[in-house]
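Read the structure below first, then the notes.
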Amino acid sequence: MLIDPHLLAVFTVTTIVALVTPGPDMLFVLGCGVRGGARAGLLATVGVITGDALYIAAAAGGLAVLLTAFPVVFTALRIVGGAYLIYLGVQMIRNRKKGQTDDPAAGGMSGRRAFLNGMVSSMANPQTFTFMVAFLPQFIDPAAGPIWLQFLVLGAILIVLEFVADGTVGVLAGRIGGWLRARQAVRRRIDAATGSVFIALGIRLAAER
1 MLIDPHLLAV FTVTTIVALV TPGPDMLFVL GCGVRGGARA GLLATVGVIT
51 GDALYIAAAA GGLAVLLTAF PVVFTALRIV GGAYLIYLGV QMIRNRKKGQ
101 TDDPAAGGMS GRRAFLNGMV SSMANPQTFT FMVAFLPQFI DPAAGPIWLQ
151 FLVLGAILIV LEFVADGTVG VLAGRIGGWL RARQAVRRRI DAATGSVFIA
201 LGIRLAAER
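Here is the structure:
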């Protein structure tokens with residue numbers, strides 16, 4: 001068998017525990033859902049797991065070794081991603097009083113923007129990179145079959161579990177946020193709070209080692 005059933009069970013349980021623990025990606029999805037609705041929360045989740053998938057592919061293809069050997073590349077990616085999140089947060093706070101019309105969806109976050117921002121958030125998160133290159137190999141047995149295929153199988157399980165966990169958070173946040181966004185004063189506070197969360201995440205990502 002490609003992956004030992006016992007190892008697979010341990011991997012699945014450990015991954016679930018890690019995913020239900022609130023982290024930068026989950027907080028980002030939460031913010032997108034509250035501000036942009038269930039669709040934005042779900043597409044932000046798709047963006048996050050797309051970033052994860054790219055790291056999994058890189059790890060399977062050996063590119064993770066290159067990033068580890070030249071940490072300046074990942075450091076630059078992390079800083080740029082963090083700066084981008086800070087920029088988004090500042091824009092949300094500055095523009096929170098614009099677009100306050102009778103349309104409850106005004107001032108929300110588009111699905112495309114939520115997706116792209118989710119991917120940036122994932123790829124700029126050092127924890128994502130560390131998880132892929134340090135955690136996944138613990139469950140890989142070179143004697144069991146192609147290493148790249150084992151990476152892909154474990155990565156696929158991770159992506160499905162993360163989609164369920166973060167997607168649920170995004171949809172629920174969108175449902176609650178939809179009711180709140182119908183009230184203009186509350187909507188402004190949501191934009192300010194979400195912007196503050198994005199700024200905090202950006203600072204954390206840029207400063208984290």
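Per UniProt numbering, the sequence shown starts with residue 1, numbered consecutively. Just so it is clear, CB atoms sit at the ideal spot from N, CA and C, and this is done for glycine as well. A quick note: this is a predicted structure, and the numbers were derived from the prediction, not measured.
Quiz item: Which runs of the alpha helix (DSSP H), 4 residues or longer, sit entirely within the stretch 127-181?
Solution: 147-181
Exercise. Can you have a look at tyrosine 84 and say buried or exposed, based on whether 16 or more other CB atoms are within 10 angstroms of its CB?
Key: Here tyrosine 84 is buried, its C-beta having at least 16 other C-beta atoms within 10 Å.
Self-check item: Assigned exposure category for arginine 94 - 16 Cβ within 10 Å defines buried
Solution: With fewer than 16 Cβ atoms within 10 Å of its Cβ, arginine 94 is classed as exposed.
Quiz item: Does phenylalanine 135 come within less than 8 angstroms of chain D when only Cβ atoms are used?
Solution: Of the protein chains in the structure, only one exists, and it is not chain D.
Quiz prompt | Alpha-carbon to alpha-carbon, isoleucine 199 and glycine 89 | solution = 5 angstroms
Quiz item: How many angstroms separate the CA atom of tryptophan 179 from the CA atom of glycine 36?
Solution: 12 angstroms
Quiz item: Thinking just about the alpha-carbon of each residue, which of Phe163, Gln150, Gly177, Leu205 is nearest to the one in isoleucine 3?
Solution: Put simply, of Phe163, Gln150, Gly177, Leu205 the residue whose alpha carbon is nearest the alpha carbon of isoleucine 3 is Gln150.
Self-check item: CA nearest to the CA of proline 126, picked from Gly33, Thr12, Arg39, Gly51
Solution: Gly51
Practice problem: Could you check how far apart the C-beta atoms of threonine 194 and valine 80 are, in whole angstroms? I think they sit under 8 angstroms. | Solution: Between valine 80 and threonine 194 the Cβ distance is about 21 angstroms, and since that is not below 8 angstroms, they are no contact.
Quiz item: Counting only runs that start and end within the stretch 6-93, where is the alpha helix (DSSP H) found for 4 or more residues in a row?
Solution: 24-36, 38-60, 63-69
Quiz item: Alpha carbon to alpha carbon, how far is tryptophan 148 from leucine 158?
Solution: In a straight line, the C-alpha of tryptophan 148 is about 15 angstroms away from that of leucine 158.
Quiz prompt | Start and end residues, alpha helix (DSSP H) containing serine 110 | solution = No alpha helix (DSSP H) holds serine 110; DSSP gives it neither H nor E.
Quiz item: Can glycine 41 and glycine 170 be called in contact, C-beta distance under 8 angstroms?
Solution: yes
Self-check item: Reduced DSSP category for aspartate 191 - H, G, I as helix; E, B as strand; rest coil
Solution: helix
Practice problem: Measure the C-alpha to C-alpha separation of methionine 92 and histidine 6 and round it to an integer number of angstroms. | Solution: 47 angstroms
Self-check item: Collapsed DSSP secondary structure at asparagine 125 in the structure displayed
Solution: coil
Quiz item: Would you call glycine 99 buried or exposed, if buried means 16 or more other Cβ atoms sit within 10 Å of its Cβ?
Solution: Residue placement at glycine 99 cannot be trusted, given a pLDDT of 48 that sits under 50; what the coordinates show is reported in the next sentence. So glycine 99 ends up on the exposed side.
Self-check item: Cα-Cα separation, aspartate 191 to glycine 145
Solution: 49 angstroms
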